[in-house]
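Some notes on the structure that comes next.
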Amino acid sequence: MNKLDVIKELAPKLNVNQDDARVILNSVLEVLGNSLTELDEDERLKLIGFANFQKIRRKGRLGRNPKTGEEVEIPEKLIIKTTISENLVNSFNE
84 MNKLDVIKEL APKLNVNQDD ARVILNSVLE VLGNSLTELD EDERLKLIGF ANFQKIRRKG
144 RLGRNPKTGE EVEIPEKLII KTTISENLVN SFNE
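Be aware that the sequence shown starts at 84, since it is given in the numbering used here, and climbs by one per residue.
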């Protein structure tokens, strides 16, 4: 499923045309993206019943170049950790 598929399913649920559904979806995604960008480290964005997103710092480490086997240093960086809600996970198994 891609973004266009989501728009096609969203439009009739909102009783709008696909162009309006696209604008709505893009706005929601923009707000979520901005919210994730503005999170402080270890702060969470909670979408109850869907998922939690947390900005965490991944420590630097040594890795290997898969082609050469040479050790390379992988620097620390901020990442978004996503945890899917338990209810949503349980619905997969029904």
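Think of the CB as a built atom: it goes at the ideal place given N, C-alpha and C, for glycine as much as any other residue.
Item, Value
"Backbone secondary structure at residue 159 - three-state DSSP", "coil"
"N- and C-terminal bounds of the beta strand (DSSP E) containing residue 139", "134 to 141"
"Endpoints, alpha helix (DSSP H) assigned at residue 152", "From DSSP, residue 152 is part of no alpha helix (DSSP H); its letter is neither H nor E."
"Opposing strand residues paired with residue 167 [DSSP bridges]", "134"
"Test item: CB-CB of residue 115 and residue 138 under 9 Å", "no"
"Range of the contiguous alpha helix (DSSP H) that encloses residue 119", "101 to 121"
"Spatially closest choice to residue 164 from 124, 91, 175, by CA coordinates", "124"
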